[in-house]
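Remarks on the structure that follows.
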Amino acid sequence: MHRIILTSLLILITYTALQSQRSRTRDRDNRSSRYEEDNGLKENLWYGISLGNLYFFNDFSISTKVQGGYKPVDRVSIGLQGKMYFDFINRIQQDISLFSYGGGPEVRIKISEDFFAIGEYNLMSIEGVNFNGITSRESYTYPTAGIGYRQGQGPWTFGAQLLFIFSEDARSPAVLDRAVDYWIDFNYKF
């Protein structure tokens with residue numbers, strides 16, 4: 007009698023385990039087919055982070071930029087970027103720290119596998135200093151455009167960007183005090 011109960015119990019456990027395994031496989035197949043349907047959008051997204059405008063002499067400057075975009079076609083990308091600028095100005099009377107931030111849309115077009123053209127429109131809150139050492143914060147909108155270089159294999163690439171600032175107001179010594187932004191960037195799936 008015990009053998010019949012044990013044998014029946016073993017068959018029941020085995021049957022239940024096999025049914026469970028079979029339904030898990032079906033669920034996994036359904037999940038993977040759903041993933042493949044959604045994968046088109048995820049496959050065309052890219053992300054990046056950049057460091058730039060480094061200056062180490064009497065003063066100190068550093069900038070960072072985060073980017074994300076969507077590639078509607080293989081060679082064109084549209085996206086958003088956010089920037090932060092930090093400038094430390096060493097003066098005899100007092101040291102001045104300036105923090106500026108902003109963001110805006112950007113477009114990238116691959117010229118070749120290594121080079122791309124980039125255009126940005128920036129909406130920035132810029133902290134500046136006049137010649138008397140008085141700081142002020144103002145909002146500026148200005149376009150930038152330039153060229154980028156990237157290298158690397160697989161989804162991670164690194165490279166550089168050089169962007170010309172088109173607004174004379176933003177290039178002035180009281181605001182950004184430079185004509186170009188240069189960046190060292192790290193991208194995922196661009």
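Under the numbering used here, the residues of the sequence shown are numbered 7 to 196, in order. Cβ atoms here follow ideal geometry from the backbone N, Cα and C, with glycine treated the same way.
* Asked: Among residues of its own chain, excluding the 5 on either side of residue 90, which ones have a beta-carbon nearer than 6 Å to its beta-carbon?
  -> For the purposes of this step, residue 90 is taken as residue 84 along the sequence shown, with counting starting at 1. Around residue 90: 70, 107.
* **Among 48, 47, 54, nearest to residue 194 - alpha-carbon criterion** => Position 188 of the sequence shown holds residue 194. Closest option to residue 194, judged by alpha-carbon separation, among 48, 47, 54: 54.
* Endpoints, beta strand (DSSP E) assigned at residue 184 -> Locating residue 184 in the sequence shown gives position 178, where the first residue counts as 1. Where residue 184 is concerned, there is no enclosing beta strand (DSSP E), given that its DSSP letter is neither H nor E.
* Asked: Do you know how far the Cα of residue 140 is from the Cα of residue 42?
  -> Counting from one through the sequence shown, the residue named residue 42 turns up at place 36. Counting from one through the sequence shown, the residue named residue 140 turns up at place 134. Residue placement at residue 42 cannot be trusted, given a pLDDT of 48 that sits under 50; what the coordinates show is reported in the next sentence. Those two C-alpha atoms are separated by around 57 Å.
* To do: Name, in chain order, the residues that DSSP records as bridge partners for residue 119.
  => Residue 119 sits at position 113 when you count from the first residue of the sequence shown. DSSP output for residue 119 lists no bridge partner at all.
* Would you mind reading off the limits of the alpha helix (DSSP H) that contains residue 143? => On the sequence shown, position 137 is the one that residue 143 refers to. Here residue 143 belongs to no alpha helix (DSSP H); instead the beta strand (DSSP E) covers 141-157.
* **Neighbourhood of residue 227 by C-beta distance below 8 Å, restricted to the same chain and skipping five residues each side** => Since the first residue shown for the chain is 7 and the last is 196, residue 227 is missing from the structure and cannot be characterised.
* Would a C-beta distance cut-off of 9 Å place residue 117 and residue 153 closer than the cut-off? -> Position 111 of the sequence shown holds residue 117. Position 147 of the sequence shown holds residue 153. Yes; because the gap between Cβ atoms is below 9 Å, this pair is in contact.
* Look up residue 87 in the DSSP assignment and give the residues it is bridged to. => In the sequence shown, counting from the first residue as 1, residue 87 sits at position 81. Paired residue(s): 73, 110.
* Straight-line Cα distance separating residue 87 from residue 144 -> Counting from 1 along the sequence shown, the entry for residue 144 is found at position 138. Counting from 1 along the sequence shown, the entry for residue 87 is found at position 81. Rounded to the nearest angstrom, the two C-alpha atoms are 20 Å apart.
* CA-to-CA distance, residue 177 to residue 81, given in whole angstroms -> By 1-based counting over the sequence shown, the position of residue 81 is 75. By 1-based counting over the sequence shown, the position of residue 177 is 171. Cα atoms of residue 81 and residue 177: separation of roughly 31 Å, rounded to the nearest angstrom.
* Could you tell me which residues DSSP pairs with residue 103 in its beta bridges? => Counting from one through the sequence shown, the residue named residue 103 turns up at place 97. BP columns for residue 103 point to 94.
* Asked: So, helix, strand or coil for residue 160, using DSSP?
  -> Residue numbering aside, residue 160 sits at position 154 when the sequence shown is read from its first letter. Here residue 160 sits in coil by DSSP.
* Asked: Quick one: Cα of residue 51 to Cα of residue 85, how far?
  -> Locating residue 51 in the sequence shown gives position 45, where the first residue counts as 1. Locating residue 85 in the sequence shown gives position 79, where the first residue counts as 1. Each residue's Cα considered, the two are about 9 Å apart.
* For residue 99, is the classification buried or exposed, using 16 other Cβ atoms within 10 angstroms of its Cβ as the cut-off for buried? -> As a first step, residue 99 is located in the sequence shown; it is residue number 93 there, counting from the start. Burial call: exposed.
* Give the DSSP-derived three-state secondary structure of residue 80 in the structure shown. => In the sequence shown, residue 80 corresponds to position 74, counting from 1. In this structure, DSSP gives residue 80 a state outside helix and strand, which the three-state scheme calls coil.
* To do: Rank 181, 119, 166, 130 by C-alpha distance to the C-alpha of residue 160 and give the top, closest one.
  => In the sequence shown, residue 160 corresponds to position 154, counting from 1. Considering only alpha carbons, the answer is 119.
* **Where residue 132 falls, given that 16 or more other Cβ within 10 Å makes a residue buried** => Residue 132 sits at position 126 when you count from the first residue of the sequence shown. Per the 10 Å Cβ criterion, buried.
* Closest Cα partner of residue 111 within the set 192, 155, 148, 166 -> Position 105 of the sequence shown, counting from 1, holds the residue named residue 111. Closest option to residue 111, judged by alpha-carbon separation, among 192, 155, 148, 166: 148.
* Asked: From residue 79 to residue 166, what distance separates their C-alpha atoms?
  -> Position 73 of the sequence shown holds residue 79. Position 160 of the sequence shown holds residue 166. Taking the CA atoms as reference points, residue 79 sits about 22 Å from residue 166.
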